[in-house]
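Chains as they are written, first to last, in the working numbering: chain A, 379 to 506; chain B, 1019 to 1160.
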């Protein structure tokens, strides 16, 4: 229990810092009229969780044991990706009258993230 | 390095620390929720719960501490609560993995239900939080 909690804490420190860095970096590069930063964070996190999820199916993988999984998935990727910012940005776009962009953001986020998980699984099975 | 750029990087470091500290609090809360809330015959209820409540909290707090809000909050406090706690508490990656697993297991109906219910309830929650905080902001007195 304590080992698991510590794994989540360590992973989430790294995940939170990584999200703040990536979303800020993207926002400075491409501007903030559309939330590309959060979209890239969520899609890349979904790709990585696909890889880890596929690796964990193999019992000999490190991710098949509890603490590495809690560190990588619950801690790092859980903290790295975010639904709250996604929801707030969708609401902001809609309230600014940008309904098309809001709908596009929602659709693109869900589609890209599901595609990214599938891609993560596909990449692992390619090398197996 | 000039004094100004030195204080800028110090300020940035503090913001990173606020996000990291909030992220730990949010993530531990999400971990506890995942231990306490069982899945409902395969439906990932714990993830739905954290994403709904996290969306509500960010909608409520961002409006309450916004330009017309009655709660004064510094940039550091806003980053701590919104980017840190709410960001760490909610998760898009676990939602994606759980949906993919349902699809992978041939439970297409359950997967589509998870997508539809999640997206709609997240957006309703952030909107409700915003509306409630707007009402509070308009109340007389302070």
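Even glycine gets a Cβ: it sits at the ideal position worked out from N, Cα and C.
| said: Pull the bridge partners of residue 1061 (chain B) from the DSSP assignment, please. | reply: B:1058
| Own chain partners of residue 1131 (chain B) with C-beta closer than 8 Å, once the 5 adjacent residues on each side are dropped | 1061
| Quick one: is residue 443 (chain A) near chain B, going by C-beta distance under 8 Å? | By this cut-off, residue 443 (chain A) is not an interface position.
| task | From the DSSP output, in three-state form, read off residue 1089 (chain B) for me. | result | coil
| In the structure shown, what three-state DSSP assignment does residue 1068 (chain B) receive? | helix
| Which bits of chain A does residue 1140 (chain B) rub up against, with CB to CB less than 8 Å? | Near residue 1140 (chain B) (Cβ distances below 8 Å), the residues of chain A are 461, 464, 465.
| Mind listing which residues of the region 423–436 of chain A have their C-beta closer than 8 Å to chain B's C-betas, in chain order? | Within the region 423–436 of chain A, the residues whose Cβ lies closer than 8 Å to some Cβ of chain B are 423, 424, 426, 427, 428, 431, listed in chain order.
| Contact list for the region 390–403 of chain A against chain B, Cβ threshold 7 Å | Within the region 390–403 of chain A, those residues whose Cβ lies closer than 7 Å to any Cβ of chain B are, in chain order, 390, 391, 393, 394, 395, 397, 398.
| task | State whether the region 1029–1037 of chain B contacts the region 1051–1067 of chain B, with contact taken as three or more CB pairs (one from each stretch) at a distance under 8 Å. | result | no
| When you compare only the Cα positions, how much space is there between residue 459 (chain A) and residue 477 (chain A)? | 24 Å
| By how many angstroms is the C-alpha of residue 479 (chain A) removed from the C-alpha of residue 380 (chain A)? | 44 Å
| request: Could you tell me if residue 1138 (chain B) is buried or exposed, where buried requires 16 or more neighbouring beta carbons within 10 angstroms of its beta carbon? | output: exposed
| query | For residue 387 (chain A) versus residue 1042 (chain B), is the C-beta spacing smaller than 8 Å? | reply | With contacts defined by Cβ atoms closer than 8 Å, residue 387 (chain A) and residue 1042 (chain B) form a contacting pair.
| message | Quick check on residue 1115 (chain B) - is its C-beta less than 8 Å from some C-beta in chain A? | response | yes
| request: In the DSSP assignment, find the alpha helix (DSSP H) that holds residue 450 (chain A) and state where it starts and stops. | output: Note, residue 450 (chain A): premise wrong, no alpha helix (DSSP H); not H, not E.
| request: Would you check if there are 3 or more beta carbon pairs closer than 8 Å linking the region 400–410 of chain A to the region 441–451 of chain A? | output: no
| Looking at the structure shown, is residue 471 (chain A) part of a helix, part of a strand, or coil, going by DSSP? | DSSP places residue 471 (chain A) in helix when its eight states are reduced to three.
| query | Of the residues B:1133, B:1029, B:1054, B:1148, which one's Cα is nearest the Cα of residue 472 (chain A)? | reply | B:1148
| field | Euclidean distance between Cα positions of residue 391 (chain A) and residue 1044 (chain B) | value | 11 Å
| As assigned by DSSP and simplified to three states, the class of residue 461 (chain A) | coil
| said: Could you compute how far the alpha carbon of residue 1074 (chain B) sits from the alpha carbon of residue 1135 (chain B)? | reply: 15 Å
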